[in-house]
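S.K.: Input: one structure, supplied below.
2 protein chains.
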Amino acid sequence: MTHAECLDALPTPRLVLDEARMLCNVARLRTRMTPHGVTLRPHLKTAKSVEVARRVLEGGTGPATVSTLKEAEVFARAGVRDILYAVGIAPQKLARVLALRATGCDLSVILDSPEQAAAVAEASRIAGNAIPALIEIDCDGHRGGVSPEDPALVEIGRMLGASLRGVLTHAGESYNVVGEAAHAAFAARECAAAVAAAGALRTAGLPCPVVSVGSTPTAHAARDLTGVTEMRAGVYVFFDLVMAGIGVCTTGDIALSVLTTVIGHQRERGWILVDAGWMALSRDRGTAQQAVDQGYGLACDIEGRVIPGLILSAANQEHGILALRPGSGETLPEIPVGTRLRILPNHACATAAQFDAYTVLPTDPDAALAEWPRFGGW
Amino acid sequence: MTHAECLDALPTPRLVLDEARMLCNVARLRTRMTPHGVTLRPHLKTAKSVEVARRVLEGGTGPATVSTLKEAEVFARAGVRDILYAVGIAPQKLARVLALRATGCDLSVILDSPEQAAAVAEASRIAGNAIPALIEIDCDGHRGGVSPEDPALVEIGRMLGASLRGVLTHAGESYNVVGEAAHAAFAARECAAAVAAAGALRTAGLPCPVVSVGSTPTAHAARDLTGVTEMRAGVYVFFDLVMAGIGVCTTGDIALSVLTTVIGHQRERGWILVDAGWMALSRDRGTAQQAVDQGYGLACDIEGRVIPGLILSAANQEHGILALRPGSGETLPEIPVGTRLRILPNHACATAAQFDAYTVLPTDPDAALAEWPRFGGW
């Protein structure tokens, strides 16, 4: 049986991962980073899968970024020994951080306030184990972080003492601009902010061995990473319609799709109903503000070929409504009840989170489909 | 320890269920239905929890509605013997329907096309077990269903033969109008469409024992249910900000919240950062089109008291940004790092789906917090 024939026999909805596309995406960024001489620290929050992590990390165990302590614990058990928990640390979470560090995993945290620095220093002192911390730097007003010029930066650095490992920034606003030149400009802002912050710490006589930057758009566009020691990116492993919409990839690079079945028609309204609603695709409408609004996703046939103009225009919990994108100029195809389709997602992180496993189309066309578990929770 | 003190000691983010509010919501609709003499068939897609189902269903095992076959299987194992799978049936799912029916569960399906009717009749014939089917009727152009006047209705009824159990409709558009009078008008449309369809079948000499209607807004506003045999509703068990926004409940009725911890501030921007992002709240922005846009949710203190004007105005995967609702006239409170808050969700179905358990505040103030598992998947 071909892979498409295998998919056609499976219950729906279901999350499908095209391994060849994923490996190509992974190789692309790895190759791009090599001449820059920076460490790639992939963010595993998109995949939440040990099988995927083995293919994404250098040597299968290389440095990684996570968004929850659950991820840190699962990946540490799977052999990852250098993990950055890249969400501002809450004091209540330090006991769990120390417990994981006690297993031999080099888990580090981030923070941007004197209160957090005091909590990290105190917990480290009591445990006799310096929890490494990066100070979060704000490079674009997106979320958290201190400005490189803020005197709080050096104050936090001093309070951290032996816990100070460096600085980190993330240009979250790079997701909202289109094209390589715009992403390169955000990459330059990340680099400038992080290097300036590292300089401020060093001028004050503090160490700053790690200078960490990154997002998927900036990682693929950065031109000069002088002074940076590591790059973080996550969604590049799978890509999605939001990334295609800002020009970081094409729809042909998107490795993730939701397998669905046609369950009805409202022909006078131009609707095809499928059994993938927002419970399968997520409520993410990340392309709503882009030049091409893809609804809740772009329809493909079971082989993964895009059906021109056909999008999941509306979603209820377990119902999706496929319709032509306004202005597409296409004709609604006749697709009978029972037909299997695949929907490319707006946002890989959000759609993958709706499932507890990947159905994997292996690179080898003669190999059987694989099932890779994924996890959620905190 | 008080319940609030117990919550304060738990890891975050976490899904909290106020049992007293839930039981009050359940009793409210049950009481409202009694004089109408119709069967209440609660939709369990919101809760996806056996513990919740026991408190929602009549006698703990009464008739139920589900949105996936996984729900049907889990609730059947837990003793529910009369289940309606209320998403248009795909032919490929009939084997699983028959397998569950063979265990003694009276599982019924819905459909709105001759192709589906033919598949149901054929599968029933081969199995020697008539799969009961309701014909979906379109009362408001919301999604699927045939019009009561459509000749396809009687054609489908004839094709179903012994599988014909009745008709079903759902005024999904009732979620988009505000106030009891508007909901009552949609309830009248549901009732009129379903009763007309039942009449058309009976005029053609076909049986129609079940006439099923419902949605949370229409169930709470219906005035005359003559000719209707059962009412379906789901989100009323927990309620949420969308339901409060259209006047079906108040924020004080909402039984579900997400416990979160303050992890930072951007004071000059008026932001408080918390560790509940869209992974915890979901990407649902159901109040975006309402008169009061609640962002990704409305903040409460750990006791569940609303903090006036403070909403989750933006969400990344694991970061939420609390800010004052524009025009609220309130002053941003000072809330230190480490403080626990609770966020009321836009859409209970979507937010609950992000978690694998409820942390339950029991009705008895002296009882310990409980943990009720919930499930996802298909």
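Residue numbers (the working numbering), protein chains in the order written: chain S, 94 to 471; chain Y, 94 to 471.
Ideal Cβ placement from N, Cα and C applies to all residues, glycine included.
1) Mind checking who Glu-464 (chain Y) pairs with in its DSSP beta bridge?
2) Apart from the five residues just before and just after Arg-174 (chain Y), which ones in its own chain have a Cβ nearer than 8 Å to its Cβ?
3) In the DSSP assignment, find the beta strand (DSSP E) that holds Glu-229 (chain S) and state where it starts and stops.
4) Along the chain, where does the beta strand (DSSP E) containing Leu-257 (chain Y) start, and where does it finish?
5) I'd like to check one pair, Ala-264 (chain S) with Glu-283 (chain S): are the Cβ atoms closer than 8 Å?
6) How many angstroms separate the CA atom of Phe-468 (chain S) from the CA atom of Ile-176 (chain S)?
7) When the Cα atoms are used, what is the spatial distance from Thr-127 (chain S) to Cys-301 (chain S)?
8) Check whether the Cβ atoms of Arg-316 (chain Y) and Ala-277 (chain Y) sit closer than 8 Å, and answer yes or no.
9) Could you tell me how far apart the beta carbons of Leu-415 (chain Y) and Glu-423 (chain Y) are, in whole angstroms, since I believe they sit closer than 8 Å?
10) Does the beta carbon of Thr-354 (chain Y) come closer than 8 Å to any beta carbon on chain S?
11) Hey, how far is the Cα of Val-119 (chain Y) from the Cα of Glu-151 (chain Y)?
12) What are the residues in the region 230-241 of chain S lying within 7 Å of chain Y by C-beta distance?
13) When DSSP labels each residue in this structure, what does Ala-392 (chain S) get in the three-state scheme?
14) Tell me where the beta strand (DSSP E) around Ser-217 (chain Y) begins and ends.
15) Leaving out five residues before and five after Trp-371 (chain S) in sequence, what residues of the same chain have Cβ atoms less than 6 Å from its Cβ?
16) By the 8 Å beta-carbon criterion, what residues does the region 248-271 of chain S contribute toward chain Y?
17) Given Leu-257 (chain S), which residues of its chain have a CB within under 7 Å of its CB, disregarding the five upstream and five downstream residues?
18) Closest to Ile-404 (chain S) by C-alpha separation, out of S:Thr-380, S:Glu-396 and S:Gln-410, would be which residue?
19) Using only the alpha-carbon positions, how far apart do Ala-102 (chain Y) and Leu-454 (chain Y) sit?
20) Is Val-385 (chain Y) buried or exposed, if buried means 16 or more other CB atoms sit within 10 Å of its CB?
21) Thinking Phe-331 (chain Y) and Met-115 (chain Y) are a contact (beta carbons under 8 Å), I'd like their distance in whole angstroms, please.
22) Could you tell me which chain S residues have their CB closer than 7 Å to the CB of Cys-442 (chain Y), listed as they occur along the chain?
23) For chain S, find out if any of its Cβ atoms is closer than 8 Å to the Cβ of Trp-465 (chain Y); answer yes or no.
24) With 16 as the cutoff for other CB atoms within 10 Å, does Pro-241 (chain Y) come out buried or exposed?
25) What runs of the alpha helix (DSSP H), each 4 residues or longer, lie entirely inside the region 104-132 of chain Y?
26) Residue range of the beta strand (DSSP E) that Val-367 (chain S) falls in?
27) Below 7 Å on C-beta distance, what does Pro-135 (chain S) contact in chain Y?
28) When burial is assigned at 16 or more other CB atoms within 10 Å of the CB, is Cys-99 (chain S) buried or exposed?
29) For Ala-445 (chain S), count neighbouring Cβ atoms within 10 angstroms of its own Cβ and tell me buried if that reaches 16, exposed if not.
30) Quick one: is Ile-219 (chain S) buried, meaning 16 or more other Cβ sit within 10 Å of its Cβ, or exposed?
31) Looking at chain S, is there any beta carbon in it that lies within less than 8 Å of the beta carbon of Arg-123 (chain Y)?
32) Using DSSP with H/G/I as helix, E/B as strand and the rest coil, what is Met-372 (chain S)?
33) From the DSSP output, in three-state form, read off Ala-408 (chain S) for me.
34) Answer with buried or exposed for Glu-361 (chain S), where buried requires no fewer than 16 other C-beta atoms within 10 angstroms of its C-beta.
35) In the DSSP assignment, what residue or residues form a beta bridge with Leu-150 (chain S)?
36) Secondary structure at Trp-398 (chain Y), three-state DSSP: helix, strand or coil?
M.R.: In this structure, then:
1) Y:Thr-452.
2) Counting only Cβ-Cβ distances below 8 Å, and skipping sequence neighbours, we find Thr-154, Gly-197, Cys-198 and Asp-199.
3) Unbroken beta strand (DSSP E) run through Glu-229 (chain S): 226-230.
4) Membership of Leu-257 (chain Y) in the beta strand (DSSP E) is indicated by the continuous run 257-262.
5) Cβ distance < 8 Å, so Glu-283 (chain S) and Ala-264 (chain S) count as in contact.
6) Whole-angstrom Cα-Cα distance: 17 Å.
7) Thr-127 (chain S) and Cys-301 (chain S): Cα-Cα distance of roughly 22 Å.
8) Yes; because the gap between Cβ atoms is below 8 Å, this pair is in contact.
9) Going by Cβ atoms, the distance from Leu-415 (chain Y) to Glu-423 (chain Y) rounds to 12 Å, so no, they are not a contact pair.
10) Thr-354 (chain Y) counts as touching chain S.
11) Take the alpha-carbon of Val-119 (chain Y) and the one of Glu-151 (chain Y): they are about 10 Å apart.
12) Within the region 230-241 of chain S, the residues whose Cβ lies closer than 7 Å to some Cβ of chain Y are Arg-236 and Gly-237, listed in chain order.
13) Ala-392 (chain S) falls in the strand class under three-state DSSP.
14) From DSSP, Ser-217 (chain Y) is part of no beta strand (DSSP E) but of the alpha helix (DSSP H) over 207-220.
15) If we look at Trp-371 (chain S) and ignore the five residues flanking it on each side, its Cβ neighbours are Ala-408.
16) Answer set for the region 248-271 of chain S: Gly-265.
17) Result list for Leu-257 (chain S): Ala-226, Gly-250, Leu-299 and Pro-300, in chain order.
18) Among S:Thr-380, S:Glu-396 and S:Gln-410, the Cα nearest to that of Ile-404 (chain S) is on S:Thr-380.
19) For Ala-102 (chain Y) and Leu-454 (chain Y), the distance between alpha carbons rounds to 14 Å.
20) By the Cβ-count criterion, Val-385 (chain Y) is exposed, with fewer than 16 other Cβ atoms from all chains shown falling within 10 Å of its own Cβ.
21) At roughly 6 Å, the Cβ-Cβ gap stays under 8 Å, so Phe-331 (chain Y) and Met-115 (chain Y) are in contact.
22) Contact of Cys-442 (chain Y) with chain S by beta-carbon distance below 7 Å involves Gln-410.
23) At a cut-off of 8 Å between beta-carbon atoms, Trp-465 (chain Y) makes no contact with chain S.
24) Pro-241 (chain Y) should be labelled buried.
25) DSSP runs (the alpha helix (DSSP H)) wholly in the region 104-132 of chain Y: 112-126.
26) Looking at the DSSP string, the run of the beta strand (DSSP E) that includes Val-367 (chain S) is 364-367.
27) Identification of chain Y residues near Pro-135 (chain S) by a Cβ-Cβ cut-off of 7 Å yields none; the smallest Cβ-Cβ distance measures about 15 Å.
28) Answer is exposed; the Cβ neighbour count stays below 16.
29) With 16 or more other CB atoms across the displayed protein chains lying within 10 angstroms of its CB, Ala-445 (chain S) is buried.
30) A residue is called buried when at least 16 other Cβ atoms come within 10 angstroms of its Cβ; Ile-219 (chain S) does not meet this threshold and is exposed.
31) No, Arg-123 (chain Y) lies away from the interface with chain S (no Cβ there is under 8 Å from its Cβ).
32) Reduced to three states, the DSSP call for Met-372 (chain S) is helix.
33) Three-state result, Ala-408 (chain S): strand.
34) Label assigned to Glu-361 (chain S): exposed.
35) According to DSSP, Leu-150 (chain S) bridges with nothing at all.
36) As written in the sequence, residue 398 (chain Y) is Arg, which differs from the Trp given in the question. Correct three-state label for Arg-398 (chain Y): coil.
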